[in-house]
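Those protein sequences? They're chains A and B, same order as listed.
The numbering of the first sequence is our numbering, which starts it at 2 and goes up by one.
The numbering of the second sequence is our numbering, which starts it at 43 and goes up by one.
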Amino acid sequence: MKKLENKLKTSPQLPLISVMTALALLPLAAFLVSLSFGRYGIPLLQLMQILFGKLFGLTPTWPDTLEKVLFNVRIPRILCAMMVGAALAGSGAAYQGVFKNPMVSPDILGASAGAGFGAAFAILNNYNIIGIELTAFLFGIAAVAATYFLGQAIGRNMNTVLILVLTGMVVQSLFAAFTSVIKYEADPNNKLPEITFWLMGGLTSSTQKQVWMMIFPFLAGLAILFLLRWKINILSFGDEEAKALGIDTLKIRVIIIMASTLLTSASIAISGMIGWVGLIIPHLARLIVGPNYKVLLPASVLMGAAFLLLVDDVARTVLVTEIPLSILTAIIGAPFFIYLLFKGRSSWE
Amino acid sequence: MKLEVCSAVCGYGRRDVIKGISFSVSSKEIFCLLGPNGVGKTTLFKTVLGFLKLRGGSINVDGEDISQWSRKKYAQVIGYVPQTHTPPFPFAVSDVVIMGRTAHLGSFSTPALEDRIIVRDVMEELGIMHLKDRIYTEISGGERQMVLIARALAQQPQFLVMDEPTSNLDFGNQMLVLRQIRKLSARGIGVIMTSHFPDHAFLCSSKVALLRKEGFEIGRPDEIVTEENLQEVYGVRVKITSTPVAGGLVKACVPLI
């Protein structure tokens with residue numbers, strides 16, 4: 002008995018622990034690499050000097066500009082990229098579980114488009130930071146609710162996986178149209194460029210302000226998803242089974258959708274529309290650690306952070322002018338979605 | 043323990059499907075719901091499980107009204123074995139079984155070592171240890187049914203509600219599941235199951251409810267599963283035979299078509 006217990010304790014978990022350790026080191030490594038990359042290259046040695054110098058309060062032996070670039074531009078941007086990547090991947094994984102649907106993501110459900118409209122509306126009306134985030138969140142929730150209830154009403158006993166994707170498309174384009182109305186209304190001298198650049202999706206204007214805007218909703222949303230991650234497994238088996246297994250399905254589902262939408266809308270508020278991350282990363286994570294949300298959620302978050310950071314590194318270094326981040330994620334994401342369609346084909350016939 | 047349904051009214055939407063049904067299931071009893079499609083078997087057990095709201099009467103466990111119970115409390119007492127279907131994600135079989143532990147976990151917890159030990163014991167008892175690391179979506183229908191039974195047992199309930207546990211199974215697997223149901227009742231679990239096979243009522247139930255469009259009849263299998271009743275409910279002429287088997291008689295229905 003004792004022996005068996007020991008076996009249970011160690012054997013199946015061991016490879017998983019090493020995989021998770023590797024995944025945890027991934028964003029850390031990406032962070033360190035990204036520090037020295039950029040238009041204004043900072044050699045590794047000097048980087049260490051500045052970081053340790055700052056940490057121990059040494060007198061500066063490095064150029065002032067370097068320090069400014071590092072602390073006011075590069076580190077905020079890196080942090081934003083990691084938080085946005087983690088938030089989109091984590092919320093994507095959670096949405097897929099609660100909607101029992103591997104084809105959904107923040108963008109496909111319309112959450113991104115809804116939050117985008119909310120944020121644009123708030124920018125047009127000169128709301129403050131909290132106002133922007135709140136409006137983005139509310140319209141994000143409204144969009145997800147619309148997608149879900151439309152899908153329920155239309156789908157009934159039919160193929161709900163695809164129906165949800167289709168109703169999501171409808172809601173998405175509706176909110177995109179609303180956003181166009183906002184642009185049309187916006188003052189072309191100051192508001193319009195502001196909204197347009199922000200909507201394009203990117204982290205070009207990330208400063209410490211954006212870091213502070215993101216960090217609280219990010220931590221709150223992530224903490225909720227992390228605490229409830231086991232229950233997402235159960236919800237993915239459907240309402241009745243989840244109830245019979247002891248879950249208050251309505252309450253838990255609403256909380257998880259709120260937390261996911263909070264993560265999505267906070268990301269949108271600082272980085273505009275960055276698509277596909279929330280679809281691709283949970284699938285890649287599932288390939289590596291399996292579908293159990295106990296490990297899938299942390300794995301998605303870690304991989305999302307590293308992924309978006311590395312893509313952003315490419316976006317800001319490869320060409321002379323920056324490539325908008327959303328263009329790169331779409332180039333990677335669209336073929337991936339086609340692949341999913343091929344893979345899921347058998348279950349729709 | 044005793045689960046009592048007292049003059050319950052069950053239905054959904056605008057329709058009351060079953061009116062004023064009363065029965066009780068005690069530990070070690072197997073209660074079998076028979077009847078043609080569309081008479082409310084599913085509605086009845088979904089009401090017992092609390093998926094549908096009770097529209098009249100009451101459901102008690104040991105005298106305690108269960109309509110106020112939380113889902114968690116419910117799940118600790120009544121387990122559910124649904125008909126098999128395919129979940130959207132390729133969970134490992136042991137992951138599916140351990141989900142039965144949810145009702146015993148804290149709000150923010152994930153299963154721990156002790157839950158894994160319970161899962162192992164249950165899977166060994168059902169003889170499905172070899173499926174442990176297989177992918178749930180890739181095993182056969184019979185194997186999936188056993189996995190769902192294992193999941194419900196990991197829940198350690200006093201009562202088990204099973205929705206057509208033998209449907210979509212081949213003959214061998216049907217008997218495997220029935221034998222298992224008898225073992226469970228011998229262990230002290232009260233079972234409520236629906237079935238399309240009157241024979242199964244003879245094989246393992248201690249009580250039968252025959253539902254029909256206008257009303258229902260409840261009693262011992264011998265009293266309820268009769269040639270007249272089957273003819274009336276299913277519109278099929280049936281001969282009921284008895285075969286002596288190992289010191290007892292086993293009854294069976296022979297349809298005359």
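Where a beta carbon is used, it is the ideal one built from N, C-alpha and C, also for glycine.
is_contact[residue i, chain A] using C-beta, thresh 8 angstroms
i      : result
B/P207 : no
B/M141 : yes
B/Y276 : no
B/Y116 : yes
B/L91  : yes
B/R113 : yes
B/A243 : no
B/A145 : yes
B/F133 : yes
B/D137 : yes
B/M235 : no
B/F150 : yes
B/Q197 : yes
B/P240 : no
B/P263 : no
B/P124 : yes
B/P78  : no
B/P286 : no
Close beta carbons around residue i, own chain, < 7 angstroms, minus the five adjacent residues each side
i      : result
A/V20  : I289, V290
A/L303 : L24, A25, L27, P28
B/L147 : P153
A/F312 : First, the residue type needs correcting, since residue 312 of chain A is Val and not Phe in the sequence shown. Hits under 7 angstroms: L326, L329, T330.
B/G82  : C52, V59, I60, L253
A/A143 : G115
B/K174 : V135, S136, M165
A/G132 : A123
Coil, strand or helix - residue i by DSSP
i      : result
B/M43  : coil
A/L229 : coil
B/G121 : strand
B/S151 : coil
A/G279 : helix
B/S100 : strand
A/A187 : coil
A/Y128 : coil
B/S112 : coil
A/L17  : helix
B/I231 : coil
A/P360 : Summary: the structure shown does not reach residue 360 of chain A, with chain A confined to residues 2 through 350, and so no result is reported for it.
B/M204 : strand
B/P240 : helix
B/P199 : coil
B/P132 : coil
Contacting residues, own chain, Cβ-Cβ under 8 angstroms from residue i (five flanking each side not counted)
i      : result
B/G257 : none
B/A117 : T144, A145, Q197, P199
B/T128 : T179
is_contact[residue i, chain B] using C-beta, thresh 8 angstroms
i      : result
A/S181 : no
A/L246 : yes
A/S12  : Unreliable positioning characterises A/S12 in this predicted model, as indicated by a pLDDT of 44, which lies under 50. The coordinate reading is nonetheless provided below. No, A/S12 lies away from the interface with chain B (no Cβ there is under 8 angstroms from its Cβ).
A/K1   : The displayed coordinates of chain A run from 2 to 350. Any statement about residue 1 of chain A would go beyond what the structure contains.
A/N191 : no
A/N234 : yes
Residue i: first and last residue of the uninterrupted alpha helix (DSSP H) it sits in
i      : result
B/R57  : Unbroken run through B/R57 is the beta strand (DSSP E), 57-68; no alpha helix (DSSP H).
B/I181 : B/I181 -> no alpha helix (DSSP H), and no H or E assigned at all.
A/G54  : 45-57
B/G92  : Unbroken run through B/G92: none, as it is neither H nor E.
A/M304 : 294-318
A/F1   : Residue 1 of chain A is absent from the model: chain A starts at 2 and stops at 350.
Residue i - containing beta strand (DSSP E), residue span
i      : result
B/P286 : 280-287
B/I260 : 258-261
B/K249 : 249-253
B/I72  : 72-76
Own chain partners of residue i with C-beta closer than 6 angstroms, once the 5 adjacent residues on each side are dropped
i      : result
B/E269 : V280, I282
B/K61  : V51
A/S268 : V85, A88, L89
B/I101 : V47, I108
beta-carbon residue i near the ligand MG non-hydrogen atom, thresh 7 angstroms
i     : result
B/K70 : Looking at this structure, you won't find the ligand MG or any other ligand, since it has none at all.
Mind listing which residues of the segment 197-231 of chain A have their C-beta closer than 9 angstroms to chain B's C-betas, in chain order? F227, L228, L229, R230, W231
Between the segment 271-305 of chain A and chain B, which residues of the former have CB atoms less than 8 angstroms from a CB of the latter, in chain order? R287, G291, P292, N293, K295
Residues within the segment 236-264 of chain A neighbouring chain B, beta-carbon criterion of under 7 angstroms: S237, F238, E241, E242, K244, A245, L246, G247, I248, D249
Between the segment 54-73 of chain B and chain A, which residues of the former have CB atoms less than 9 angstroms from a CB of the latter, in chain order? none
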